[in-house]
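Colleague: Numbering (our numbering), first residue to last: 1 to 154. Yeah, the Cβ is synthetic: ideal placement off N, Cα and C, and Gly gets one too. What follows is a single structure, and I will ask about it in a moment.
Printed below as a string of structure tokens:
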């Protein structure tokens with residue numbers, strides 16, 4: 001059945017025999033938060049499991065030991081924010097990885113190191129910055145909620 005995968009403590013699958021990656025944890029965290037059914041027991045090891053998906057580069061892979069990827073990084077960070085578990089990750093490395101995904105010539109974002117700029121990845125990578133701003137302005141890192149990581153002018 002879908003749900004928590006005991007073999008990989010804290011992870012979620014979307015359906016029977018479905019893929020096991022941070023997207024499942026993200027969907028479970030979002031749906032349970034929005035519907036008001038989230039419990040500590042439901043996500044007992046999820047924060048640690050999601051944090052274990054952070055790579056040496058600073059982004060997050062789909063599961064532990066995989067390559068950092070823009071969409072998975074967004075899902076991982078949003079999950080950790082919803083679970084109040086951002087203290088488990090290296091935020092400095094994540095910020096460094098995220099800012100280095102924007103390419104100078106094209107202006108857009110690449111989803112992975114050494115890949116081309118892509119509109120889809122620009123969406124996911126761009127979406128990281130408000131999340132990063134939120135955790136950096138609430139974790140006593142000295143960032144003000146009035147000073148943004150990105151331009152508010154479009």
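For residue 58 and residue 90, which I take to be in contact (beta-carbon distance under 8 Å), what is that distance rounded to the nearest angstrom?
Modeller: In the chain shown, counting from the first residue as 1, residue 58 sits at position 58. In the chain shown, counting from the first residue as 1, residue 90 sits at position 90. Confirmed, Cβ separation roughly 7 Å.
Colleague: Run through the segment 73-103 for me and flag every whole alpha helix (DSSP H) of 4 or more residues, listed as ranges in chain order.
Modeller: DSSP runs (the alpha helix (DSSP H)) wholly in the segment 73-103: 91-99.
Colleague: Tell me the residue span of the beta strand (DSSP E) that contains residue 13.
Modeller: Numbered from its first residue, the chain shown carries residue 13 at position 13. Here the beta strand (DSSP E) through residue 13 covers 11-13.
Colleague: Okay, do the segment 58-71 and the segment 24-44 touch, 3+ Cβ pairs below 8 Å being the bar?
Modeller: No, the segment 58-71 is not in contact with the segment 24-44.
Colleague: Can you check whether the CB of residue 74 is closer than 8 Å to the CB of residue 128?
Modeller: Locating residue 128 in the chain shown gives position 128, counting from the first residue. Locating residue 74 in the chain shown gives position 74, counting from the first residue. In contact: residue 128 and residue 74 (Cβ atoms closer than 8 Å).
Colleague: In terms of residues, what are the limits of the alpha helix (DSSP H) holding residue 20?
Modeller: As a position in the chain shown, residue 20 is number 20, starting the count at 1. Taken as a continuous stretch (DSSP letters only), residue 20 belongs to no alpha helix (DSSP H), as it is neither H nor E.
Colleague: Could you name the residues of the same chain whose beta carbon sits closer than 7 Å to that of residue 97, not counting the 5 residues immediately before and after it, in chain order?
Modeller: Position 97 of the chain shown, counted from the first residue, corresponds to residue 97. Only 57, 58, 59, 68 meet the Cβ criterion.
Colleague: Please state if the CB of residue 94 and the CB of residue 47 are separated by a distance shorter than 8 Å.
Modeller: As a first step, residue 47 is located in the chain shown; it is residue number 47 there, counting from the start. As a first step, residue 94 is located in the chain shown; it is residue number 94 there, counting from the start. In this structure, residue 94 does not lie closer than 8 Å to residue 47 by Cβ.
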